[in-house]
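Peer 1: The structure under discussion is supplied below as structure tokens; questions concerning it will follow.
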Amino acid sequence: MLSVHQVGLAFGGTDLFKDISFLVNPGERIGLVGRNGAGKSTLLKLIAGHYAADTGKISTPSGFKIGFLTQDIPPKPSTSVWEEAASSFKEIKQLEADMEYYNEQLATRMDYESDSYMKLIEDLTHAQEEYMLHGGYTYQADMERVLMGLGFKSEDFQKPLSTFSGGWQMRVELAKILMQNNDLLLLDEPTNHLDIESILWLEQFLSDSPQAVILVSHDRTFLNNATTRTIEIVLGKSYDFPCPYYKYLSLRAEIREKQRQAKANQEKEIKQTEQLIERFRYKASKASFAQSLIKKLDKVDIIEVDDEDTRSMRFKFPPAPHSGKVMVRMEGIHKHYDEKHVLRGLDMELVRGQKVAFVGQNGQGKSTLVKILAEKLVHEGKLEWGHQVQLGYYAQNQAEALDGSKTVLATIEEAAPEELRKSARKLLGNFMFAGDDVEKKVSVLSGGERGRLALCQLMLHPINLLILDEPTNHLDMQAKDVLKQSLESYEGTLVVVSHDREFLDGLANLTYEFKEGKIKQYLGGIEYFLEQRKMQSMREVELQQDAKKQQKAEAAAKSKAPQSASREEVKEAEKNLRQAEREEKKAQEAFEHAHAALDAVDQLMANPVEFKKVSSEPDFYHRYEGLQRSSEAAFETWEKATAQLSSCQQAWDAIAP
């Protein structure tokens, strides 16, 4: 158990937080929430021992172990991914070295009867017991499971870590911390460099882990699914809620509303009491009554409403300039880096007014395609721009690319057209840069502040094609809400690359999944995409389970002694087998027919010219969804028929003469 008791910390004479207290019990999963700059990351560093508190105390039991994932990118070591991940098992590695030494000694020494030889045997036995206790015989399987869960492939394990980007190196750091046998995990924005599949895996891992967790994240869905308790830091104070994030939001609103009502009622009572005191205090007959009211008033505990930080960005994208219907058409787009082919003959068309989401694992080509469109990255294939397209682009490293030597105000003034420069301060105020904040150097801004400044730059010019590559990485939840609302009302064409499910929900109406150099189109938003992926995963699991059941049945049939069957039983079994064969063939043909119809439409959709023709038909999308449902239903029928045929075949094999 960890205890945080009345902890306070100040910077430059200003309290960052004061009198923060809470307990962390074994196995608890706590979400630490608050605005950027509220002190969440600093509090994690205090708990980890990186900072010392000005007041209060943080206490842990003897031998209490803490794993801490920071937002700082570690140096690039020359070791392989596997070696770096294995470095977290220090105790196991030491035990392996000890056991190797003991075995070498026992193999070379001849003094079998000596006390020192017997001591070696005892030491080896003890080391083997400790090795088993620490998971020495399973840790390599655990490493493989965690690394693959975080997106690595088996062929990546022996590659030098220095050949991977900073985001992938952070995944290795996360893997090391998850695999250590810590009592408490401190995770600061662990999903910043993860794709949706890895985030889903991490949610499940944390839910199954016996370790306590304190988690900072701006990904609401992940925060809600991965935690069971929420601690809010606001204006230097902490508020504790025994529930996950979404329930905390409603509970916090209810509590504050009740506090406001109670405070209003109390203020009304106090005012009435003060009026009575003023009315009777100078009357001799009522003086004692007035004095009793004064004493009663002195004893009243004033109700306070929990502090709330209501600051937020305020902006709306300007009207999108008119453009042609087709914004950009891509045909046969191919991109490779040496032998690695990132995009393979990609065809896509972006149409005016579309809101498109690019999803998929990291390294599958999403940002590469964005750079081809926005940064003119060299590629193969045809790229044809539409009429009067005006592009706005927020790169994945946009916030970090700002010139740190300039002030906030100078950054906007230099990027703004002449007519907007006089309004630069007002525009910055909409992005929460007020007063002296505009004179700060960009180099001293936090990641969230830089993100807001980079968004402010997008407001300086009219845009009808907006491309955003991971725009929410450094934004707090309130800023993300404002950005999402602005994008929902944006009239131009939007392309957004993001792994934030809550941010994408309801924003995009078309989803492209990038995988192995190709794309797959989903005619819906992120919820539809996740639903389809879940269905595919469940089907794969069911098929695996059916295969296992079949193997068990076959093994059981083989183990049984052959028994003679009556003529009627043989005849019935043969009849059932022939019927099952006919049903299976019929189901297979039905599926192939349904799938061919769906595949024909998919091929049309892959061709921009043909897709433009058919998509204009009023019932096209309804018919397409109907074909999808028919194909899925036919496949399920075929699966059942195949399982029935397998069962009948086993029954026939068991009694066939």
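Mapping the sequence shown onto the working numbering, position 352 (from 1) lands on 349, and the numbers just tick up by one. Each residue gets a CB set at the ideal place from its N, CA and C atoms; glycine is no exception. Model, not experiment: these values are computed from the prediction.
According to DSSP, simplified to helix, strand and coil, what is Y279?
Peer 2: Taking the sequence shown and counting its residues from 1, one reaches residue 279 at position 282. Y279: coil per DSSP, three-state reduction.
Peer 1: Taking contact to mean at least 3 C-beta pairs separated by less than 8 Å, is the stretch 457 to 464 in contact with the stretch 145 to 157?
Peer 2: no
Peer 1: Under 9 Å, do L6 and G36 count as touching if we go by C-beta distance?
Peer 2: As a position in the sequence shown, residue 6 is number 9, starting the count at 1. As a position in the sequence shown, residue 36 is number 39, starting the count at 1. Taking 9 Å as the Cβ cut-off, L6 and G36 qualify as a contacting pair.
Peer 1: Can you tell me whether DSSP reads G64 as helix, strand or coil?
Peer 2: Translated into the one-based positions of the sequence shown, residue 64 becomes position 67. It is a strand residue.
Peer 1: According to the neighbour-count rule (16 or more other Cβ atoms, all chains shown, within 10 Å of its Cβ), is E656 buried or exposed?
Peer 2: Past the boundaries of the shown model lies residue 656; the chain is included only from -2 to 654, so the question cannot be answered.
Peer 1: Closer than 6 Å by C-beta to T11: which residues in its own chain qualify, once you throw out the five before and the five after it? Chain order, please.
Peer 2: The residue you call residue 11 lines up with position 14 of the sequence shown. Excluding residues within five positions, none has a Cβ falling inside 6 Å.
Peer 1: Write down the C-beta distance between L347 and V325 rounded to the nearest angstrom, noting that I regard them as a contact closer than 8 Å.
Peer 2: Start at 1 with the first residue of the sequence shown, and residue 347 comes out as number 350. Start at 1 with the first residue of the sequence shown, and residue 325 comes out as number 328. Right, the Cβ-Cβ distance comes to about 5 Å (below 8 Å), so this counts as a contact.
Peer 1: Need the endpoints of the beta strand (DSSP E) that R326 sits in, please.
Peer 2: What you label residue 326 is simply residue 329 of the sequence shown in a count that begins at 1. R326 -> beta strand (DSSP E) spans 323 to 334.
Peer 1: Can you check whether the CB of L399 is closer than 9 Å to the CB of L455?
Peer 2: Translated into the one-based positions of the sequence shown, residue 455 becomes position 458. Translated into the one-based positions of the sequence shown, residue 399 becomes position 402. Cβ atoms of L455 and L399: not closer than 9 Å.
Peer 1: Could you check which residue in T39, E565, S56 has the C-alpha nearest to that of Y48?
Peer 2: Numbered from its first residue, the sequence shown carries residue 48 at position 51. Minimum Cα distance to Y48 is reached at T39.
Peer 1: Do the stretch 416 to 431 and the stretch 513 to 530 meet, that is, are 3 or more Cβ pairs less than 8 Å apart?
Peer 2: No: fewer than three Cβ pairs fall under 8 Å.
Peer 1: Measure the CB-CB distance between V404 and V439 and report whether it falls below 9 Å.
Peer 2: Working through the sequence shown from its first residue, we reach residue 404 at position 407. Working through the sequence shown from its first residue, we reach residue 439 at position 442. In the sequence under discussion, the amino acid at residue 404 is Thr, which differs from the Val named in the question. By the CB criterion at 9 Å, T404 and V439 fall inside the cutoff.
Peer 1: Could you check where the alpha helix (DSSP H) with R26 kicks off and where it finishes?
Peer 2: Taking the first residue of the sequence shown as 1, we reach residue 26 at position 29. Here R26 belongs to no alpha helix (DSSP H); instead the beta strand (DSSP E) covers 26 to 30.
Peer 1: Which same chain residues, not among the five before or five after Y99, have their C-beta less than 7 Å away from its C-beta?
Peer 2: Numbered from 1 along the sequence shown, position 102 holds the residue referred to as residue 99. Taken in chain order, the residues that qualify are L117, D120, L121, A124.
Peer 1: Using CA coordinates, which residue listed in M429, V1, M129, Q646 is at the minimum distance from K572?
Peer 2: The sequence position of residue 572 within the sequence shown is 575, counting from 1. When only C-alpha atoms are compared, the closest one is Q646.
Peer 1: Near E537, what residues of its chain come up, given a Cβ to Cβ distance below 8 Å and the 5 sequence neighbours on each side ignored?
Peer 2: Against the sequence shown, residue 537 aligns to sequence position 540. Any answer about E537 is weak, because its pLDDT of 49 lies below 50 and its placement is not dependable; what the coordinates show is given next. Counting only Cβ-Cβ distances below 8 Å, and skipping sequence neighbours, we find nothing.
Peer 1: On the three-pair Cβ rule with 8 Å, is the stretch 210 to 227 touching the stretch 513 to 524?
Peer 2: no
Peer 1: According to DSSP, simplified to helix, strand and coil, what is R106?
Peer 2: Taking the first residue of the sequence shown as 1, we reach residue 106 at position 109. If DSSP states are grouped into helix, strand and coil, R106 belongs with coil.
Peer 1: Please report how far the alpha carbon of F277 lies from the alpha carbon of A476, in whole angstroms.
Peer 2: Numbered from its first residue, the sequence shown carries residue 277 at position 280. Numbered from its first residue, the sequence shown carries residue 476 at position 479. It is roughly 54 Å from the alpha-carbon of F277 to the alpha-carbon of A476.
Peer 1: Of the choices A412, Y391, V441, Q361, whose alpha-carbon is the least far from that of V402?
Peer 2: In the sequence shown, counting from the first residue as 1, residue 402 sits at position 405. The residue you asked about is not Val; residue 402 is Ser in the sequence shown. Nearest of A412, Y391, V441, Q361 to S402, Cα basis: V441.
Peer 1: Can you tell me the Cα-Cα spacing of S320 and P239, whole angstroms?
Peer 2: The residue labelled residue 320 in the question sits at position 323 within the sequence shown. The residue labelled residue 239 in the question sits at position 242 within the sequence shown. Cα to Cα, the separation comes out at about 52 Å.
Peer 1: Hey, quick one: how far does the beta strand (DSSP E) through A209 stretch, first residue to last?
Peer 2: As a position in the sequence shown, residue 209 is number 212, starting the count at 1. Its beta strand (DSSP E) spans residues 209 to 213.
Peer 1: May I have the straight-line CA-CA distance separating K337 from F86, to the nearest angstrom?
Peer 2: Sequence index remark: in the sequence shown, residue 337 carries index 340 (1-based). Sequence index remark: in the sequence shown, residue 86 carries index 89 (1-based). If I take the Cα positions, the gap works out to 32 Å.
Peer 1: So, at 6 Å on beta carbons, what are the nonlocal neighbours of A638 in its own chain, with the 5 sequence-adjacent residues on each side left out?
Peer 2: Counting from 1 along the sequence shown, the entry for residue 638 is found at position 641. So the list reads E580, E581, A584, once near-sequence residues are dropped.
Peer 1: Which value, in whole angstroms, describes the spacing of the CA atoms of A587 and M167?
Peer 2: Position 590 of the sequence shown, counted from the first residue, corresponds to residue 587. Position 170 of the sequence shown, counted from the first residue, corresponds to residue 167. Whole-angstrom Cα-Cα distance: 48 Å.
Peer 1: Which first and last residues belong to the beta strand (DSSP E) in which K234 is found?
Peer 2: Sequence index remark: in the sequence shown, residue 234 carries index 237 (1-based). Looking at the DSSP string, the run of the beta strand (DSSP E) that includes K234 is 234 to 238.
Peer 1: Considering only the alpha carbon of each residue, which of E633, M310, A407, I196 lies closest to L472?
Peer 2: As a working note, residue 472 is residue 475 in the sequence shown. The residue with the shortest Cα to Cα distance from L472 is M310.
Peer 1: Using the three-state DSSP reduction, which class does K352 fall into: helix, strand or coil?
Peer 2: Translated into positions along the sequence shown, residue 352 becomes position 355. Three-state result, K352: strand.
Peer 1: Do V21 and L(-1) have their beta-carbon atoms positioned less than 9 Å apart in this structure?
Peer 2: Your numbering for residue -1 matches position 2 in the sequence shown. Your numbering for residue 21 matches position 24 in the sequence shown. A contact, by the Cβ cut-off of 9 Å.
Peer 1: For E539, which three-state DSSP category applies?
Peer 2: For this step, residue 539 is matched to residue 542 along the sequence shown. The predicted model places E539 with a pLDDT of 47, which falls under 50 and marks its position as unreliable, so this point remains unresolved.
Peer 1: Closer than 6 Å by C-beta to G362: which residues in its own chain qualify, once you throw out the five before and the five after it? Chain order, please.
Peer 2: Numbered from 1 along the sequence shown, position 365 holds the residue referred to as residue 362. For G362, where only same-chain residues beyond five positions count, the Cβ hits under 6 Å are V339, L340, F511.
Peer 1: Short of 6 Å in beta carbon distance, which residues of its chain neighbour M345, apart from the five on each side in sequence? Order them along the chain.
Peer 2: Along the sequence shown, read from residue 1 onward, the residue named residue 345 stands at position 348. Within the same chain, M345 has close Cβ partners M327.
Peer 1: Go through its chain and collect everything with a Cβ distance to Y242's Cβ below 8 Å, but skip five positions before and after it.
Peer 2: Counting from one through the sequence shown, the residue named residue 242 turns up at place 245. Excluding sequence neighbours, Y242 sits near G28, V30, R217, L220, N221, T224, T227.
Peer 1: Indicate whether E146 and L212 have their beta-carbon atoms separated by less than 9 Å.
Peer 2: The sequence position of residue 146 within the sequence shown is 149, counting from 1. The sequence position of residue 212 within the sequence shown is 215, counting from 1. Going by the sequence as given, residue 146 is Gly instead of Glu. The answer is no: Cβ separation not under 9 Å.
Peer 1: By how many angstroms is the C-alpha of K515 removed from the C-alpha of S364?
Peer 2: Counted from its first residue, the sequence shown places residue 364 at position 367. Counted from its first residue, the sequence shown places residue 515 at position 518. Those two C-alpha atoms are separated by around 14 Å.
Peer 1: In its own chain, which residues sit with a C-beta less than 7 Å from the C-beta of E636, not counting the 5 before and 5 after it?
Peer 2: Position 639 of the sequence shown, counting from 1, holds the residue named residue 636. Excluding sequence neighbours, E636 sits near nothing in its chain.
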